[in-house]
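Let me begin by presenting the structure, written as structure tokens, before commenting on it.
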Ligand code: PGA
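Numbering (this note's numbering), first residue to last: 1 to 251.
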């Protein structure tokens, strides 16, 4: 059975005090019988603190928002996967569209980053998704297939168990426009089918595929009720403990 996962991507928001307060609130508000796997991805600079706060509970684990494609050395400003692991991160988000767009991250670079993450026992939340113009011109299926196959299909079936896929249509991120449940389900089923082709039914059925893009308490329930939507990668709504916890309880 695949996991239901809700991951909060704080992006470049919240200072340390605000971040700590948010984690405290999320931990306090999550019900004790919570069955959702909850992940929080704060900024690098207080990842260690967040991981420590979560270490005493089985409720939440910490993630980084990125890692370097390089192992170590003269890469000023970069953060390696081994540094993240040593700070308590359990996951790393890779291939977010903002990183792809602002830092020219190619599928090839992401393949290298996935390798670094795996060598350091980090699970990967791998983001993919199309722009509005790609959707309108009908190339979005091929685009998403290339993103997944070129960055992930070097992995063995065993390794792929540590991948979570996040489908995030760029036109829905931070815009307030959510993909309709039908649009999201269509792509999630397409992604699962690609995984069946590469790894077989069992791996595909056990892979969690998250939806991201203006997901909020008012639409999470309907999205998560879809057959192939196993949770969400939440940006804006993860900055409110009330909204975020409500989303985690939307299955
Ligand atoms: P959003 O962001 O929920 O603010 O649209 C999602 C994301 O970028 O991961």
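Glycine included, every Cβ here is placed at the ideal spot set by N, Cα and C.
First and last residue of the uninterrupted beta strand (DSSP E) at residue i
i	result
residue 94	91-94
Enclosing alpha helix (DSSP H) for residue i [first to last residue]
i	result
residue 194	181-199
residue 84	81-86
residue 101	97-102
residue 50	47-55
residue 152	140-152
residue 159	157-160
residue 115	107-119
residue 246	241-248
residue 217	217-224
residue 78	It is not in any alpha helix (DSSP H) - residue 78 carries neither H nor E in the DSSP assignment.
residue 132	132-136
Residue of the options minimising C-alpha distance to residue i
i	options	result
residue 149	61, 16, 196	196
residue 89	184, 186, 10, 39	39
residue 182	218, 200, 225, 50	225
residue 127	170, 154, 102	170
residue 57	12, 23, 66	23
residue 91	236, 165, 153	165
residue 84	129, 241, 48, 114	48
residue 109	217, 249, 94	94
residue 97	125, 37, 18, 157	125
residue 318	142, 231, 154	Because residue 318 is not part of the residues shown, which for the chain are 1 to 251, the question remains open.
Strand pairing of residue i, partner residues [DSSP]
i	result
residue 210	166
residue 22	Answer by DSSP bridge pairing: none, since residue 22 is not bridged.
residue 127	166
residue 231	5
residue 40	8, 62
Cβ neighbour criterion (16 or more within 10 Å) applied to residue i
i	result
residue 121	exposed
residue 53	buried
residue 207	buried
residue 254	One cannot answer for residue 254 here, as it falls past the ends of the chain, which runs 1 to 251.
residue 241	buried
residue 205	exposed
Cutoff 8 Å: residue i Cβ touching any chain B Cβ
i	result
residue 93	Among the chains in the structure shown there is no chain B, since it carries only a single protein chain.
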